[in-house]
Amino acid sequence: MKTVYLDNAATTKIAPEVLETMMPFLTENYGNPSSFHSFGSSQMEAVEIARGQVARLLGAKSEEIYFTSGGTESDNHALRGAVKMDSSRRGIVISAVEHPAVLDTARSLAKEGYPLGIAEVDTNGELDSDSLQQLVSTETAIVSIMAANNETGVVMPLKESAEIAHRSGALFHTDAVQMVGKEPIDVHSMGIDILSLSAHKLHGPKGVGAIYIKKGIQLPPVLTGGHQEKGFRSGTYNTPGIAGLGKAAELALTHLDDTAVKERALRESFEKKIVDSCPGSFIVSEKAAHRLPGTVTIIFRGIESEAVLTLLDMQGVYASSGSACSTGSKNSSHVLTAMGVDFNLSNSALRFSLSRYTTQEELDHTVKLLESIVERLRRISPYAE
Ligand code: PLP
4 MKTVYLDNAA TTKIAPEVLE TMMPFLTENY GNPSSFHSFG SSQMEAVEIA RGQVARLLGA
64 KSEEIYFTSG GTESDNHALR GAVKMDSSRR GIVISAVEHP AVLDTARSLA KEGYPLGIAE
124 VDTNGELDSD SLQQLVSTET AIVSIMAANN ETGVVMPLKE SAEIAHRSGA LFHTDAVQMV
184 GKEPIDVHSM GIDILSLSAH KLHGPKGVGA IYIKKGIQLP PVLTGGHQEK GFRSGTYNTP
244 GIAGLGKAAE LALTHLDDTA VKERALRESF EKKIVDSCPG SFIVSEKAAH RLPGTVTIIF
304 RGIESEAVLT LLDMQGVYAS SGSACSTGSK NSSHVLTAMG VDFNLSNSAL RFSLSRYTTQ
364 EELDHTVKLL ESIVERLRRI SPYAE
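Converting from the sequence shown to our numbering requires adding 3 to each position, the first position being numbered 1.
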């Protein structure tokens, strides 16, 4: 059966060049970069090459990049570190549509007594900057606004949010896990103090990521131990993963412009074909000023997204829903809820996310399947306009 992978916002396939870069470190070059002997210490060169590759993708300096286990750790480090820096600044301000790596970390810190403010988004999923402005004060330690949303693909106003944070003397962090490698980022000109990224979203390996911290910001460590990464992030270097992340970053930078143009064109025609061929379907955040090139959530009015996903899965097409199933109970997407989408509609939401490997043929095949699946499900459950 032909398979079509359209869940690249969840994870991506490893690029062949990335795997090739990693292989020596998974086989013969297994030394520990922190060792005294040359067999291990020579591996540090690979770590430093990767640091430079990641820095170039972000417009940062090498010494501003620290390796972590992924987006979740980087987000935790940003928030948990920032609130410990200055006892007179304990507040955290985030948006309502952050990924749980930020949202749940902020909520957990709120339970420990750190004041939390949550800025609203509008019906397009775009940040309400006035709401952000009202929440930030001279007691705010950190403002954390994601670069692009993982469900809607909506790109947030980073420069403006950083300016709001800085006017009150707060740090500005962005969870750029979905944006890095998809859209250009220049940390310095965008005013970003701290940024999180993850390798597996850009055709790198799972379990490795990085955090950018602007030079001069003394974020305390969260993981203590063997003093790796100048004592900032302890833990034995994941050399294969780091080398893979570096290569993935280099490739992302090489392909950045072409990929964005190609993915945007593919996504736009995909959206149009679905809306035209599946009655009752519409694009979430369609009116947002700026969306990622390759991520779209579509609502199929009156149809359970799980039914569509299951039928697509049976035909070898992999996408995801806008709602999360936990311990058997169905939770509506907090992102769609924050945008004012009602419970029933949000349970009809499907996310399709493309990559630089996605083809027109794969998308056309998916549209055809969707058309017949939606038609079949409509017969069982006709929607009310
Ligand atoms: N932040 C965003 C926006 C994400 O989409 C994800 C992963 O889905 C994460 C953070 C977590 O990253 P990781 O899987 O590397 O821990």
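Beta carbons are placed, not taken as given, at the ideal position from N, Cα and C, and that holds for glycine.
If you run the structure through DSSP and keep just helix, strand and coil, what is residue i?
i      : result
ALA387 : With a pLDDT of only 48 at ALA387, under 50, the local geometry of the prediction cannot be trusted, and the value read off the model is given with reservation. Coil.
GLY120 : strand
ASP178 : strand
ARG354 : strand
SER335 : coil
ARG294 : strand
ILE68  : strand
GLU3   : For residue 3 there is no data in the structure shown, the boundaries of the chain being 4 and 388.
SER90  : coil
ILE302 : strand
VAL390 : Because the chain is modelled from 4 through 388, residue 390 falls outside the range shown and cannot be assessed.
GLU76  : helix
ASP131 : coil
GLU289 : coil
GLU186 : strand
SER44  : helix
With a threshold of 6 angstroms on Cβ separation, who are the neighbours of residue i within its own chain once the five nearest residues in sequence on each side are excluded?
i      : result
VAL100 : VAL124, ASN152, VAL338 and ALA341
GLU388 : For GLU388, the predicted structure reports a pLDDT of 48, less than 50, and the residue's modelled location is therefore unreliable. A value from the coordinates is still provided. Within the same chain, GLU388 has no close Cβ partners at all.
With distances taken from CA atoms, which of the options is nearest residue i?
i      : options                           : result
LEU82  : VAL287, ASP178, SER384 and ALA12  : ASP178
LYS276 : ILE301, ALA255 and THR262         : ILE301
THR362 : GLU23, LYS265, SER324 and LYS87   : LYS265
GLY228 : GLN221, ASP345 and SER237         : SER237
PHE273 : THR108, GLU374 and HIS169         : GLU374
HIS191 : ARG359, LYS16 and LYS218          : LYS218
LYS371 : ARG304, GLU163 and CYS281         : CYS281
SER98  : THR75, SER147, SER65 and SER77    : SER147
SER164 : THR155, ASN79 and ALA150          : ALA150
ASN241 : ALA213, GLN221, ARG267 and ALA268 : ALA213
HIS230 : PHE70, ILE216 and LYS64           : PHE70
ARG382 : MET317, THR30, GLY305 and SER351  : GLY305
Excluding five sequence neighbours on each side, which residues of the same chain lie with their C-beta closer than 7 angstroms to the C-beta of residue i?
i      : result
ARG270 : PRO296, GLY297, VAL299 and LEU357
THR369 : VAL7, LEU9 and VAL320
ALA322 : LEU9, ASP10, LEU312, LEU315, LEU353, ARG354 and PHE355
GLU166 : GLY194
THR141 : SER171 and GLY172
PRO160 : LEU130 and SER132
Tell me the residue span of the alpha helix (DSSP H) that contains residue i.
i      : result
THR6   : Unbroken run through THR6: none, as it is neither H nor E.
THR313 : 308-317
ALA252 : 242-280
ALA213 : Note, ALA213: premise wrong, no alpha helix (DSSP H); beta strand (DSSP E) at 212-216.
ILE167 : 161-170
HIS191 : 190-193
MET149 : Note, MET149: premise wrong, no alpha helix (DSSP H); not H, not E.
SER38  : Neither: SER38 is in no alpha helix (DSSP H) and is coded neither H nor E.
PRO103 : 103-114
What residue range is occupied by the uninterrupted beta strand (DSSP E) comprising residue i?
i      : result
SER98  : 94-98
SER199 : 197-201
VAL57  : Counting along the chain, VAL57 falls outside any beta strand (DSSP E), though it belongs to the alpha helix (DSSP H) covering 47-61.
SER284 : 284-286
Leaving out five residues before and five after residue i in sequence, what residues of the same chain have Cβ atoms less than 8 angstroms from its Cβ?
i      : result
GLU253 : GLN56, ARG59 and LEU60
LYS87  : PRO223
ASP367 : LYS276
ALA18  : HIS206, GLY207, LYS250, ALA251 and LEU254
SER65  : GLU51, ARG54, GLY55 and ALA58
Practice task
Inspect the CB distances between the segment 309-316 and the segment 79-95 and report whether three or more fall short of 8 angstroms.
Solution key: no
Exercise for the section: Spell out a yes or no on whether the segment 30-47 and the segment 163-177 are touching, meaning 3 or more CB-CB pairs, one atom from each, closer than 8 angstroms. Expected result: no
Problem - contact_flag[the segment 127-136, the segment 108-118] where n(CB pairs < 8 angstroms) is 3 or more - result: no
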